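Here the working numbering = 1-based position in the sequence shown + 4.
Built from N, CA and C at the ideal position, the CB exists for glycine as well.
All values derive from a computational prediction rather than experimental measurement.
Taking it in order: structure first as structure tokens, then the write-up.
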Amino acid sequence: MLPYHYEHTVRVRYAETDQMGVCWHGNYLLYLEEARGEALRHLGCGSYAEMEAAGVMTPLVDVHLRYHRPALYDEVLTVHVFVEEPVRATIHFRYDVRNAAGESVLEGTTDLAFISSETHQPCRPPLALRQALAAR
Numbered sequence: 005m006l007p008y009h010y011e012h013t014v015r016v017r018y019a020e021t022d023q024m025g026v027c028w029h030g031n032y033l034l035y036l037e038e039a040r041g042e043a044l045r046h047l048g049c050g051s052y053a054e055m056e057a058a059g060v061m062t063p064l065v066d067v068h069l070r071y072h073r074p075a076l077y078d079e080v081l082t083v084h085v086f087v088e089e090p091v092r093a094t095i096h097f098r099y100d101v102r103n104a105a106g107e108s109v110l111e112g113t114t115d116l117a118f119i120s121s122e123t124h125q126p127c128r129p130p131l132a133l134r135q136a137l138a139a140r
């Protein structure tokens, strides 16, 4: 499998900043979730709701973030999403968030598990995801 890379842009909204115009650190998790969801759509998995309707839920089981510089109000950030490891009962995402100048704002990783909606036990990833990543 070749590494998978997806790019998603977000704009820091006023409500996401503090009095200094700096993006609040917790908002990055929302940016990563938005980018990850779009990456999964791009891979042909559909939305989280569609995966859940097909019997697969994807709880977040691990998060690591490293902040390099603040993002500011109205800045456009590019969230680079990478899948570089084989997908099993979990999927490991790596992120590099960059500002318009190309500077790294944040690096991070998240792990999501695949569990059956019915039994809440680990299950195989959706077939569309396995096929899309295997084709790379």
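Secondary structure note for residue 35: its alpha helix (DSSP H) is the uninterrupted segment 31-46. Straight-line spacing of the CA atoms in residue 132 and residue 58 works out to 11 angstroms. The beta carbon of residue 98 lies closer than 7 angstroms to those of 86, 88 and 113 in the same chain, with the five residues before and after it left out.
Of 18, 82, 22 and 72, the smallest CA-CA separation from residue 38 is found for 82.
According to DSSP, residue 112 shares a beta bridge with 69 and 99. Following the DSSP letters along the chain, one finds residue 81 inside the beta strand (DSSP E) bounded by residues 80-87.
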